[in-house]
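See structure below.
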Amino acid sequence: MKGMTPMKKNRSIAAFLVLLGIFFSIGMLRPAYGNERTITIEECLALAEANHPALEEARAALAGQQARLGQVKVSNALKGNLSASSSRNSGSDGSYSTSFSVSKLLSDSGKNALERKSQGLSVDAAAESQRETLLSVRTSVKEAYYGLLLAILRRDQAEETVKTYKKHLDKARGFYDAGIVAKFDVTKAEVDLSNARLDLLSAKSTLETARAALSRAVGVPLGNIDPVSGFRPSMVLPDERFALEQAMENRPDFRTARLKSQAGKLGISIAAKGNAATISLTGSAGLSGTGLPPDDDFRVGVKLSVPVFDGGLTDYSIAEARASSDGLLASQKKLEQTIHYEVRSSILAVQEAEARIPAAELLVRQAEENLTLAEGRYEMGVGNILEVADALLAFNSAKVSHFQALHDYSKAVSTLEKTLGGEFQ
């Protein structure tokens with residue numbers, strides 16, 4: 004058998020190293036048990052910032068606006084053109100010519116300066132739009148992460164409920180075999196266990212949907228992951244007046260609206276320059292002839308252009324720019340009213356969710372105590388299976404309500420952060 008060539012050997016070694024790296028990467032991502040791996044909310048946020056396509060789109064839009072600013076800046080720069088030609092007619096000697104010309108706009112009555120300033124505002128607006136996209140992506144990741152955490156807690160609670168109903172079924176069968184209870188208790192326990200298993204299947208399906216939602220929010224497939232970061236702890240909220248000031252100062256969408264409004268006002272001045280005078284400098288040097296030596300030609304000139312009339316085009320352009328500016332200003336005012344509402348409603352939502360947490364905790368303690376009493380009464384023969392089933396149903400409902408309250412508080416705080424245009428430390 005012939006030996007491998009050096010190139011094939013190198014390729015084989017490289018392929019082996021790649022496969023080895025993938026093997027160890029998978030081993031590091033997965034724990035020693037099961038097929039699930041854990042992930043923190045900080046890791047999800049970092050993955051989203053690096054991979055989410057919405058951020059790539061926002062960065063591309065900003066780069067486009069920056070390139071547009073560069074075009075505006077060089078529009079009045081010195082320009083040069085080189086041309087050459089040659090021709091031959093029947094019955095005559097051929098002729099040739101070559102020339103080099105330059106031109107420079109010396110003055111456009113300040114129109115280019117206004118355009119540079121306007122485009123600079125567009126660049127700043129694109130930067131704010133990029134920041135708004137980043138804030139939206141981070142908020143979506145947090146909400147999806149908390150949604151996954153809630154789904155896992157509900158799945159775990161559903162599994163615990165199935166175990167509890169199994170124990171109740173075993174007790175009911177034992178009591179029935181001993182002649183203590185009727186067949187109804189066994190049938191009731193079997194029905195409750197079947198319903199609990201159905202709820203568990205639904206909880207598992209919801210969990211997989213929540214995992215898919217987190218992958219979508221991050222922008223990359225995460226696979227079978229479990230969160231390890233908990234819900235947000237309680238925090239001191241800013242008062243409504245201070246929160247509104249922060250929103251007006253920091254929200255990227257409002258800052259973008261202000262920048263667009265300023266650019267709209269500049270658009271009126273730019274439109275008014277449509278019939279302004281321009282001064283340009285031109286120069287050229289050329290060689291031409293039918294033989295040697297060629298004839299040379301040099302020219303230098305200054306050109307003044309003053310529009311006399313344009314049929315009302317400039318007036319209509321000014322009217323269009325003014326209408327556009329008025330519309331942008333109206334949009335800014337409308338957004339300001341929206342921010343007033345969103346700040347107030349977001350703070351109220353956080354306060355309401357925070358107040359539900361201790362109430363839900365109390366409900367869990369009461370339901371647990373009631374379940375313990377009902378189970379004790381049933382084992383002593385003075386209670387019935389319906390009492391136990393109702394108590395267990397109330398306990399499960401209380402636990403889920405507590406999980407929901409913790410989730411709603413964390414989600415409300417994330418929404419408040421987005422409303423204020425920043426994140427709490």
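Count along the sequence shown from 1, add 3, and you get the number used in this note's numbering. For every residue, glycine included, the Cβ atom is placed at its ideal position computed from N, Cα and C. Fair warning: this is a prediction, and the values are worked out from it, not measured in the lab.
With Lys107 as the anchor, note down where its beta strand (DSSP E) starts and where it stops. Ser98 to Ser110
Can you grab the Cα-Cα spacing for the pair Thr285 / Val105, in whole Å? 6 Å
Start and end residues, beta strand (DSSP E) containing Arg302: Asp298 to Ser308
Comparing C-alpha positions only, which one of Ala415, Glu390 and Ala66 sits nearest to Ala192? Glu390
Just the Cα atoms here: how many angstroms apart are Val416 and Tyr344? 16 Å
Within 8 Å, do at least three Cβ pairs link the stretch 144 to 160 to the stretch 209 to 227? yes
Could you pull the start and end residues of the beta strand (DSSP E) that Pro255 belongs to? Secondary structure note for Pro255: it is in no beta strand (DSSP E), and the uninterrupted alpha helix (DSSP H) holding it is Pro255 to Ala275.
Excluding the 5 residues preceding and the 5 following Pro56 in the sequence, name in chain order all residues of the same chain whose CB lies nearer than 7 Å to its CB. Non-local C-beta neighbours of Pro56 in its own chain, meaning closer than 7 Å and more than five positions away in sequence, comprise Gly222, ordered along the chain.
Three-state secondary structure (DSSP) of Asn430: This structure leaves residue 430 out entirely; the chain is present only between 4 and 428.
Status (buried if at least 16 other CB within 10 Å, exposed otherwise) for Asn79: buried
Taking 8 Å as the threshold, find out whether the stretch 223 to 243 comes into contact with the stretch 303 to 322 through three or more Cβ pairs. no
In the DSSP assignment, find the alpha helix (DSSP H) that holds Arg62 and state where it starts and stops. Pro56 to Val77
Where DSSP assigns a beta bridge to Arg40, which residues make up the other side? Answer by DSSP bridge pairing, in chain order: Ile228.
Three CB pairs or more closer than 8 Å across the stretch 348 to 364 and the stretch 289 to 306: no
Taking the alpha carbon of Ser114 as the reference point, which residue from Glu211, Ala401 and Ala279 has its own alpha carbon closest? Here the sequence assigns Lys to residue 114, which means Ser is not the residue at that position. Just measuring C-alpha positions, the residue of Glu211, Ala401 and Ala279 sitting nearest Lys114 is Ala279.
Assuming contact is defined by CB atoms lying nearer than 8 Å, are Thr281 and Ser125 in contact in what I supplied? no
Within 10 angstroms of the Cβ of Gly194, are there 16 or more other Cβ atoms? Answer buried if so, exposed if not. For the record, residue 194 in the displayed sequence is Val; it is not Gly. Exposed, by the Cβ-count rule.
Could you check if Ile183 is buried or exposed, using at least 16 other CB atoms within 10 Å of its CB as the buried criterion? exposed
With H, G and I counted as helix, E and B as strand and the rest as coil, what does DSSP make of Ser291? strand
Tell me the DSSP bridge mates of Ala87? Beta bridge pairing from DSSP links Ala87 with Thr101.
Pairwise C-alpha distance: Ala266 and Ala274: Between the alpha carbons of Ala274 and Ala266 lies a distance of about 12 Å.
Cross-strand partners of Leu284 (DSSP beta bridge): According to DSSP, Leu284 shares a beta bridge with Lys107 and Val305.
Same chain, Cβ closer than 8 Å to Leu269, neighbours up to 5 away in sequence not counted: Leu117, Lys120, Ser121 and Leu124
As a quick exercise: from Thr259, Ser88, Gly177 and Lys169, pick the residue whose alpha carbon is nearest that of Leu132. Checking the sequence, you will find Ser at residue 132 rather than Leu. Considering only alpha carbons, the answer is Thr259.
Please determine, among Val403, Gly424, Phe398 and Ile155, the residue with the shortest C-alpha to C-alpha distance to Thr167. Phe398
Tell me whether the beta-carbon of Ala1 lies closer than 8 Å to the beta-carbon of Ala401. Residue 1 lies beyond the residue range present for the chain, which begins at 4 and ends at 428; the question has no answer from this structure.
Relative to the alpha-carbon of Asn387, which residue among Ser90, Thr190 and Ala352 has its alpha-carbon at the smallest distance? Thr190
Between Ala322 and Ser413, what straight-line distance do the alpha-carbon atoms span, to the nearest angstrom? Distance between the alpha carbons of Ala322 and Ser413: 49 Å.
Measure the alpha-carbon distance for Ser164 versus Leu396 and round it to whole angstroms. This sequence places Thr at residue 164; Ser is not what is there. Whole-angstrom Cα-Cα distance: 9 Å.
Which whole-angstrom value is the C-beta distance of Thr136 and Leu225, which I expect to be below 8 Å? Contact doesn't hold; Cβ gap of about 21 Å is too wide.
Whole-angstrom C-beta distance between Leu138 and Pro255, which should lie under 8 Å: 7 Å
Suppose contacts are defined by Cβ-Cβ distances below 8 Å. Is Leu419 in contact with Ile350 by that definition? Taking a C-beta distance under 8 Å as the contact criterion, Leu419 and Ile350 qualify as a contact pair.
State the start and end residues of the unbroken alpha helix (DSSP H) segment that holds Arg447. As displayed, the chain neither begins before 4 nor continues past 428, which places residue 447 out of reach and without an answer.
Could you tell me whether the Cβ atoms of Val346 and Leu247 are closer together than 8 Å? yes
My understanding is that Ala250 touches Thr209, with C-beta atoms under 8 Å, so please give their C-beta distance in whole angstroms. About 34 Å; that fails the 8 Å criterion.
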